[in-house]
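This report refers to the structure that appears directly beneath it.
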Amino acid sequence: EPEVTQTPSHQVTQMGQEVILRCVPISNHLYFYWYRQILGQKVEFLVSFYNNEISEKSEIFDDQFSVERPDGSNFTLKIRSTKLEDSAMYFCASSEAPGGKLFFGSGTQLSVL
Amino acid sequence: QQQVKQSPQSLIVQKGGIPIINCAYENTAFDYFPWYQQFPGKGPALLIAIRPDVSEKKEGRFTISFNKSAKQFSLHIMDSQPGDSATYFCAANLIQGQNFVFGPGTRLSVLP
């Protein structure tokens, strides 16, 4: 079965540093998402992306966050100046259609020290 | 109004038991209700989903019951197995929306 791949699996950074989390969505999918999950808590929506622009974003997705599809296969999440509370598992997901079946990657565990 | 509530927080059953996980929502505009299964270190994986025009959907050992008037839906796992031990999340999304709202999760342990 096709899958969403994410790199790196773990990222450790110092507070205030920039991080870029990378994702390769399933090739024929058009809708891309970032979610995060703080340890032991629920999965939270960050942003959705379609046709090279953000289509929805949550309150969590403030000016410190940005997303980009730099080429035909990658989808990235950038956090400009990381805070301690950004420590979480970040999941990329993709779907063929809006509101359809989401396929999640295995996540990037971000630790901000 | 965007919240999805889920209970219980954790659940332990014996092999062969029928764990039931319940979810409730407020927003009547939600029209798609999936259940996701998550194993440690992995991303959530879609297990089964239902739309509000039916009251029940069954796929293998997994059944969703949906009560539109009560704004509640539940997951039943028949003949549960130790391999079903995972965290289960219910979710909901708006008509044509892309923002899935997840419940807080239920950690299920099935004892051999």
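So the sequences go chain by chain: H and D.
Counted the way my numbering counts, the first sequence spans residues 110 to 222.
Counted the way my numbering counts, the second sequence spans residues 1240 to 1351.
Backbone N, C-alpha and C fix where the C-beta goes; we use that ideal spot for every residue, glycine too.
Interface flag, Ala202 (chain H) vs chain D, CB-CB below 9 Å: yes
First through last residue of the beta strand (DSSP E) which encompasses Asp1270 (chain D): In the DSSP annotation of this structure, the continuous segment of the beta strand (DSSP E) that includes Asp1270 (chain D) starts and ends at Phe1269 to Gln1277.
Quick one: is Tyr1327 (chain D) near chain A, going by C-beta distance under 9 Å? The structure shown contains no chain A; the protein chains it does contain are H and D.
Under the DSSP definition of a beta bridge, which residues are partnered with Arg1300 (chain D)? According to DSSP, which records beta bridges pairwise, Arg1300 (chain D) is partnered with nothing at all.
Beta strand (DSSP E) containing Ile1251 (chain D): first to last residue? Annotation for Ile1251 (chain D): the continuous beta strand (DSSP E) segment containing it runs Ser1249 to Gln1253.
Got a sec: which bits of the region 1250–1272 of chain D sit with their beta carbon under 9 Å from any beta carbon on chain H, in order along the chain? Asp1270 and Tyr1271
Below 7 Å between beta carbons is the criterion; list the residues of the region 206–222 of chain H that meet it against any residue of chain D, in chain order. Pro207, Gly208, Lys210, Leu211, Phe213, Gly214, Ser215 and Gly216
From this set, H:Val121, H:Ser182, H:Val113 and H:Thr116, which residue's C-alpha is nearest Leu222 (chain H)'s C-alpha? H:Val121
For Pro1273 (chain D), which option in D:Gln1245, D:Leu1350, D:Ala1309 and D:Asp1318 has the closest C-alpha, if you only look at C-alpha atoms? D:Gln1245
is_contact[Gln150 (chain H), chain D] using C-beta, thresh 9 Å: yes
9 Å Cβ cutoff, Glu177 (chain H) in contact with chain D: no
Contact set between the region 160–176 of chain H and chain D, restricted to residues whose Cβ is under 8 Å from the partner: Ser164, Glu165 and Ser167
Could you pull out every residue in the same chain whose Cβ sits closer than 6 Å to the Cβ of Val152 (chain H), ignoring the five residues on either side in sequence? Tyr144 and Gln146
Listing by chain order, which chain D residues have their CB less than 7 Å from the CB of Ser136 (chain H)? In chain order: nothing, as chain D lies at least about 18 Å away.
Specify, as a first and last residue, the run of the beta strand (DSSP E) that Ala1263 (chain D) falls within. Ile1259 to Tyr1264
Can you have a look at Gln1277 (chain D) and say buried or exposed, based on whether 16 or more other CB atoms are within 10 angstroms of its CB? buried
Whole-angstrom C-beta distance between Cys1329 (chain D) and Val1252 (chain D), which should lie under 8 Å: With 8 Å as the limit, Val1252 (chain D) and Cys1329 (chain D) do not qualify as a contact, their Cβ atoms being about 18 Å apart.
Would you mind stating whether Thr1345 (chain D) and Pro1247 (chain D) have Cβ atoms separated by less than 9 Å? yes
Below 8 Å on the Cβ atoms is my contact criterion, and I expect Arg178 (chain H) with Phe184 (chain H) to pass it. Report the Cβ-Cβ distance as a whole number of Å. 5 Å
Return the bridge partner residues of Glu219 (chain H) from the DSSP annotation. Sequence check: residue 219 (chain H) is Leu here, not Glu. Leu219 (chain H) pairs with H:Gln120 and H:Ala197.
Which chain D residues are close to Ser190 (chain H), counting only those with a beta carbon under 7 Å from its beta carbon? Per Cβ cutoff of 7 Å: no residues; Ser190 (chain H) is ~25 Å from chain D at best.
Cβ contact check for the region 201–208 of chain H and the region 1284–1293 of chain D: 3 or more pairs under 8 Å: no
For chain H, is any of its Cβ atoms less than 9 Å away from the one on Asn1338 (chain D)? yes
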